[in-house]
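Below is one structure, written out as C-alpha cells; the observations come after it.
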Amino acid sequence: MIRKIVVKDARFPLSGGAGSDAVHQNPVYSYTVACLYDDKGNCGTGLAFTLGAGNELVCSAARFYGEKLIGKDIREVMAGFGEWFKQRSDEQQFRWLGPHKGVVHLALAAVTNACYDLWAKQAQVPLWKLLLDLSPEQLVNTLDLSYLEEVLPRNEAIGMLTAMQASRASRESILKKGYPAYDTSAGWFNYSDDQLEENCKRALDKGFRALKLKVGAKDPDTDIRRALIVRNTVGDQIKVMVDANQQWNLPQAITIGKRLADINPYWIEEPTHPDDILAHKALAEALDPVKLALGEHVPNKVIFKNYLQTGCAGFIQVDAVRVGGVSEFLTVSLLCKKSGVPVVPHVGDMGQLHQHLVLFNHIGMGHEALFLEHIPHLRAHFATPALITDGYYQTPEMPGSSCDLISVNTFAG
Numbered sequence: 070m071i072r073k074i075v076v077k078d079a080r081f082p083l084s085g086g087a088g089s090d091a092v093h094q095n096p097v098y099s100y101t102v103a104c105l106y107d108d109k110g111n112c113g114t115g116l117a118f119t120l121g122a123g124n125e126l127v128c129s130a131a132r133f134y135g136e137k138l139i140g141k142d143i144r145e146v147m148a149g150f151g152e153w154f155k156q157r158s159d160e161q162q163f164r165w166l167g168p169h170k171g172v173v174h175l176a177l178a179a180v181t182n183a184c185y186d187l188w189a190k191q192a193q194v195p196l197w198k199l200l201l202d203l204s205p206e207q208l209v210n211t212l213d214l215s216y217l218e219e220v221l222p223r224n225e226a227i228g229m230l231t232a233m234q235a236s237r238a239s240r241e242s243i244l245k246k247g248y249p250a251y252d253t254s255a256g257w258f259n260y261s262d263d264q265l266e267e268n269c270k271r272a273l274d275k276g277f278r279a280l281k282l283k284v285g286a287k288d289p290d291t292d293i294r295r296a297l298i299v300r301n302t303v304g305d306q307i308k309v310m311v312d313a314n315q316q317w318n319l320p321q322a323i324t325i326g327k328r329l330a331d332i333n334p335y336w337i338e339e340p341t342h343p344d345d346i347l348a349h350k351a352l353a354e355a356l357d358p359v360k361l362a363l364g365e366h367v368p369n370k371v372i373f374k375n376y377l378q379t380g381c382a383g384f385i386q387v388d389a390v391r392v393g394g395v396s397e398f399l400t401v402s403l404l405c406k407k408s409g410v411p412v413v414p415h416v417g418d419m420g421q422l423h424q425h426l427v428l429f430n431h432i433g434m435g436h437e438a439l440f441l442e443h444i445p446h447l448r449a450h451f452a453t454p455a456l457i458t459d460g461y462y463q464t465p466e467m468p469g470s471s472c473d474l475i476s477v478n479t480f481a482g
C-alpha cells in the first residue's frame, strides 16, 4: 500500500561548458524527484528532467498527481495503469495547462516513473526484466492508446508484442554483451577546438564508435570548421551526429544541412522548431539521404504519431522523462516499430532509466539495438550509476529503474 508521496527539487549546476548547446548556454541539470513510499519500506523513485528555473512548478504538479495514489496498492494500479494514466493526463483543470505537454506532463512523467520503479522493486527485479516478464496483454494494459485508435488499436498492439515472443531468445544475447553507447559529452557547444579534438580522441580510447557534436553557431562557418575537426579526428568509420537544438529556421537548416553533408553525418538532430512537423518534412526531402533525428522536445504520443505519418523522421528520440514517463515511452516505441523507425532515446544522465527501456525495446519489441546516448555529468549522484565498458552499457541487475539518488541539492527557492 502506498502511504506517502515526497517530491524533491534537485538541481545540479554544471561548469566548464558542460551541457552547453546553441540555445541552452548555462544549463542547470535538474530533476523533479517523485518518491512513492509503500508500507513495506520500499521507495519508488521517478524523475522528470528540466534545466533549472521552473522545476519548482513541476514539483508542485507532481505532488498533486502523487497524492492520487495514496492508499492504493501499486500492483493493482499497474494492472490497469493505462486507464489511470489517461485519467491523470486528462485532469480537467490541469489538462487546460497542457494538454499532455509542459509542466503538468513533466510532473506526470515523474510520478509515472516512480510507479514503475516501485512496481519493479516490490517484484525484486530490474525494470527491464519486469517489462519482459509481462504478457503482451499485461504490457498493453499499462499503456494509454487514446488518440491512436486509427493507427495502433489495442488488439494490434497486443499482436505486435505477441509476434515478437517467438524470436526473443535470438535477441537476449544483448544482456551479456551490453547495449552500444554513443558519446555526447565530447562535443558540447562551448568547448574550444582543442578541447573538442582531445575529447574525440578520449571517446575513441573509451571504446565509443559514435559521438555527437553540438552545432547552431551564429556563423555557420564555425559549425563547418568544428564538424571537420571531429570527422578528421575520428576518421570515416565512426558515426558522427550533429545537433542544432532547434536553433535554425527552415531556410537556414536547408542551407547549413547541405554543407554539413560533406562530413557524412549519421543524422542531423533537432534542426528546427519541434512543433513544426511540416518544416521537418520539407527539410527531410531537401537533405535526403541525410536523415533527421527528433524527439527531445516532442511532448506526447500524438505529435510523434504525426511525425511518423509524414515519414520525415529517420530516428525517434523519445524521452521517458519528457513525455509522460515509461508508459508513454513504450507507446511511442510501439508506434515506431509499426512504422519501421529506430528508437534512439534522448538520454543524458537520464540514461539511468533508458538503459532498461532500450533492452525491452530490443528484446520485447524487436527494435534494432542501435545505440543509446551517454552523458555522465551526474553519475556521482546516483546510487547505482550506469556502467559503460568499452563503449557498451552493462545490463543493470539491481531491482528497480536505477534512478535512486544519493545526493540531492534540494533547491530552496
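By this note's numbering, the letter at position 106 of the sequence shown is numbered 175, and the numbering carries on one by one without gaps. No residue lacks a Cβ here, since even glycine has one placed at the ideal position from N, Cα and C. Note that the structure is a prediction, hence the values are computed from the model and not measured.
Can you tell which of the options has the C-alpha that lies nearest to the C-alpha of residue i?
i	options	result
I337	I346, D344, L377, P358	P358
A322	E365, M310, H342, Y335	H342
P445	A272, I332, H174	A272
V367	A382, I143, L356, K360	A382
I143	L187, L83, E160	L187
D344	F373, L361, V173, P334	F373
D288	P205, V303, L166, W317	W317
K73	S84, Y106, D473	Y106
Sorry if obvious, but does the Cβ on residue i come closer than 7 angstroms to a heavy atom of the ligand HEM?
i	result
V395	As far as ligands go, the structure on display features none, and thus does not contain the ligand HEM.
Report the rounded CA-to-CA distance for residue i versus residue j, giving the unit in angstroms.
i	j	result
N182	I293	39 angstroms
K275	N369	35 angstroms
S116	S471	In the sequence under discussion, the amino acid at residue 116 is Leu, which differs from the Ser named in the question. Distance between the alpha carbons of L116 and S471: 11 angstroms.
Y260	A87	8 angstroms
G140	I71	5 angstroms
Y216	G326	34 angstroms
G394	H436	19 angstroms
V102	L456	22 angstroms
L356	T324	9 angstroms
N124	A449	21 angstroms
W257	N268	10 angstroms
N224	D262	53 angstroms
S236	K270	38 angstroms
I298	A438	28 angstroms
I227	P82	43 angstroms
V410	E206	23 angstroms
S254	Q315	19 angstroms
L265	S239	39 angstroms
Where does residue i sit, in a helix, a strand or coil, going by DSSP?
i	result
G135	helix
E442	strand
G433	helix
Y304	Note on identity: in this sequence residue 304 is Gly, with Tyr being the wrong assignment. It is coil, neither helix nor strand.
M310	strand
D107	strand
G171	helix
D290	helix
K141	coil
I346	helix
G393	coil
D388	coil
E267	helix
A250	strand
L282	strand
Identify, in the order they occur along the chain, each residue of the same chain with its Cβ nearer than 7 angstroms to the Cβ of residue i, setting aside the five sequence neighbours on each side.
i	result
K190	N111, G113, P468, G469
H506	Because the chain in this structure spans residues 70 to 482, residue 506 falls outside the shown range and cannot be described.
G167	V173, H174
W197	H425, L428, F429
A176	T101, A117, V127, A130, A131, Y134
Considering only the beta carbon of each residue, do residue i and residue j sit closer than 8 angstroms?
i	j	result
Y522	A79	An answer regarding residue 522 cannot be provided, because it is not within the stretch 70 to 482 covered by the chain.
V387	V371	no
L199	L208	no
L426	F398	yes
R157	Y185	no
M233	K407	no
A353	L319	no
G285	D90	yes
V97	L120	yes
K412	I432	Before going further, note that residue 412 is Val rather than Lys in the sequence given. It is not a contact, given that the beta carbons lie outside the stated cut-off.
L441	D418	no
A296	L280	no
I243	R278	no
L428	T458	no
L490	V303	For residue 490 there is no data in the structure shown, the boundaries of the chain being 70 and 482.
V127	C104	no
Is the CB of residue i under 8 angstroms away from at least one CB in chain C?
i	result
P222	The structure shown contains no chain C; it holds only a single protein chain.
Under 8 angstroms Cβ to Cβ from residue i, same chain only, skipping five residues before and after it: list those, please.
i	result
G171	P368
Y461	K246, G247, Y248, P249, A250, G276
V194	D202, P468
H349	P340, T341, L361, L363, Y376, T379, C381, A382
M434	M229, L230, M233, S402, L403, K406
N333	R300, D305, V309
Leaving out five residues before and five after residue i in sequence, what residues of the same chain have Cβ atoms less than 6 angstroms from its Cβ?
i	result
F154	D213, S396
L138	I71
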